[in-house]
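Novice:
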Amino acid sequence: MRHGYLTVNKERGITSHQVIAALRRILKQTEIGHTGTLDPEAEGVLVVGLGQATRSFSFLDESIKVYRAEVILGRQTDTQDKSGKVIAEHPGFCLTLAEIQKAIAGFIGTTQQIPPMFSAVKLQGQKLYDLARRGIEVERKPRPVTVYSWTIENPRNTYGFQEHFDSIITCSKGAYIRTLINDLGLKLGCGAHMGALLRIRSGIFRLENAVTLKQIEERSASGCLDELLMPISKALGHLPSVYPSDEDLLKVKNGGKLSFAKYNQPMAPGSLIKALEVETDRTIAVLKLEDNGSYCFWQPVKVFHYD
């Protein structure tokens, strides 16, 4: 079984679930999953874990996401993107670039965002999009999201009905780009919805390193797939590393704690490190610094098994 991460360049028109199904077929391996859904019409970075990597998802740092998004002015849709039904339109307006940029500036920073009904957010065990398809709309709690930057590509002086522009948005995990665009349209008073969407980056996983399903299939057939895999240790590169002795490594593999004094790191209780095997550089466990009131120790919170 293979273990590690693939940065998949998802093509438009297929679901994230279909990508996983295709990979299971190509790689003849069932333990495969993705870290976050891309809408069927969206393209770009889909982070996929193989084998034990699927058990490390919660420790990844995907706090920064970067998208190229098409903003189409003048119409709102029920899905907030071009796949939906038009619910309002506002012809006959003319907006200046300065007006649009001023409105965009209001979204920079941390704000509260209400997830769209057509989303994978769950409410009492049901996905919102399942409810939406049955014509049911429910109240959704706003969630904090952060927009770090939002720039317009190839700007023009003015924009009118059904005109569009591409923008680069850097934001936090969990932000819905189509909701940002819908809310921008409301702020401008003309309505807007999202056209094309391309995810350029998710944490350390970048589009320039992404590969298509076809490329993965070709590499797998030629026996070169491992060249595409990012090791778990690299994916968790933001966590400090320790290399326990053979005796301590065996202890960790069985869930035993490590001495903080022996593996001292300038960190506060609650912090995480990863324990690596010297010979293979594989991540054997993620450990958390615990304080029982008398002394500190490293407690394994996830142990990885490669056999």
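According to the numbering used here, the stretch in the sequence shown is residues 21 to 327, in order. We put the CB at the ideal spot given by N, CA and C, even for glycine.
1. According to DSSP, what are the bridge partners of tyrosine 179?
2. I need the straight-line Cα distance from leucine 292 to phenylalanine 77, nearest angstrom please.
3. Would you tell me roughly how many angstroms separate the C-alpha atoms of alanine 42 and alanine 255, rounded to the nearest one?
4. For isoleucine 52 and arginine 160, what's the separation of their Cα atoms in angstroms?
5. Look at glutamine 96 and histidine 213 and say whether their C-beta atoms are less than 8 Å apart.
6. From what residue to what residue does the beta strand (DSSP E) around glycine 322 run?
7. Around the Cβ of aspartate 301, are there at least 16 other Cβ atoms within 10 angstroms (buried) or fewer (exposed)?
8. Could you pull the start and end residues of the alpha helix (DSSP H) that alanine 255 belongs to?
9. For the 8 Å Cβ check, are there 3 or more pairs between the stretch 212-231 and the stretch 92-107?
10. Provide the residue span of the beta strand (DSSP E) that contains lysine 308, from first to last.
11. Quick one: residues in its chain with C-beta nearer than 7 Å to the C-beta of isoleucine 98, no 5 flanking neighbours on either side, listed in chain order?
12. Smallest Cα separation from serine 240: which of Gln49, Tyr326 and Arg32?
13. DSSP has aspartate 101 in a bridge; who is on the other side?
14. What alpha helix (DSSP H) runs, 4 residues minimum, are completely inside the stretch 219-306?
15. Please list the segments of the alpha helix (DSSP H) lying wholly inside the stretch 36-117, counting only runs of 4 or more residues, in order along the chain.
16. Do valine 167 and isoleucine 188 have their beta-carbon atoms positioned less than 8 Å apart in this structure?
17. Tell me whether aspartate 203 sits in a helix, a strand or coil according to DSSP, three-state version.
18. Quick check: the Cα distance between glycine 276 and proline 320, rounded to an integer number of angstroms?
19. Which residue's Cα is closest to the Cα of proline 59: Met21, Arg75, Ser261 and Gln100?
20. Classify asparagine 202: buried if its beta carbon has 16 or more other beta carbons within 10 angstroms, exposed otherwise.
21. In this structure, what does DSSP give as the bridge partners for leucine 26?
22. Hey, out of Gly69, Pro136 and Gly209, whose CA is closest to glutamate 109's CA?
23. Less than 8 Å between the beta carbons of glycine 257 and glutamate 82, yes or no?
24. Just to check my reading of the structure: valine 68 and leucine 117 have Cβ atoms closer than 8 Å, yes? What is that Cβ distance to the nearest angstrom?
25. From what residue to what residue does the beta strand (DSSP E) around isoleucine 189 run?
26. Smallest Cα separation from cysteine 316: which of Ala288, Leu47 and Arg163?
27. Look at valine 381 and arginine 221 and say whether their C-beta atoms are less than 8 Å apart.
28. What's the call for isoleucine 128, buried or exposed, on a 16-neighbour Cβ count within 10 Å?
29. Roughly how many whole angstroms lie between the Cα atoms of aspartate 246 and glutamate 63?
Specialist: For this structure:
1. BP columns for tyrosine 179 point to Leu115.
2. Going from the Cα of leucine 292 to the Cα of phenylalanine 77 covers about 14 Å.
3. Rounded to the nearest angstrom, the two C-alpha atoms are 23 Å apart.
4. In this structure, the alpha-carbon of isoleucine 52 lies about 31 Å from that of arginine 160.
5. A distance below 8 Å separates the beta carbons of glutamine 96 and histidine 213.
6. According to the sequence as given, residue 322 is lysine; it is not glycine. 316-323 is the span of the beta strand (DSSP E), which, as asked, contains lysine 322.
7. Flag for aspartate 301 reads exposed.
8. That run of the alpha helix (DSSP H) goes 252-255.
9. Segments in contact, yes.
10. Here the beta strand (DSSP E) through lysine 308 covers 303-311.
11. Sequence inspection shows aspartate at residue 98; the isoleucine mentioned does not correspond to that position. Leaving aside the five residues that flank aspartate 98 on each side, the residues in its chain whose CB is nearer than 7 Å to its CB run, in chain order, Gly104, Lys105 and Ile107.
12. Closest option to serine 240, judged by alpha-carbon separation, among Gln49, Tyr326 and Arg32: Gln49.
13. Partner(s): Met214.
14. The qualifying runs are 233-241, 252-255 and 266-273.
15. Counting only runs of 4 or more, we get 36-47.
16. The Cβ atoms of isoleucine 188 and valine 167 lie no closer than 8 Å to each other.
17. In this structure, aspartate 203 counts as helix in the three-state DSSP scheme.
18. If I take the Cα positions, the gap works out to 7 Å.
19. According to the sequence shown, residue 59 is aspartate rather than proline. Of the listed residues, the one whose Cα sits closest to aspartate 59 is Gln100.
20. The residue is buried, with at least 16 neighbouring Cβ atoms inside 10 Å.
21. Under DSSP, leucine 26 shares a beta bridge with Val68.
22. Ranked by how close their Cα comes to the Cα of glutamate 109, the residues Gly69, Pro136 and Gly209 have Gly209 in first place.
23. No, they are not a contact pair.
24. Taking C-beta atoms under 8 Å as the contact rule, valine 68 and leucine 117 fail to qualify, at a distance of about 39 Å.
25. Segment 184-192, the beta strand (DSSP E) holding isoleucine 189.
26. When only C-alpha atoms are compared, the closest one is Ala288.
27. Residue 381 is absent from the model: the chain starts at 21 and stops at 327.
28. Exposed is the label assigned to isoleucine 128, since fewer than 16 other Cβ atoms lie within 10 Å of its Cβ.
29. A direct Cα-to-Cα measurement between aspartate 246 and glutamate 63 gives close to 24 Å.
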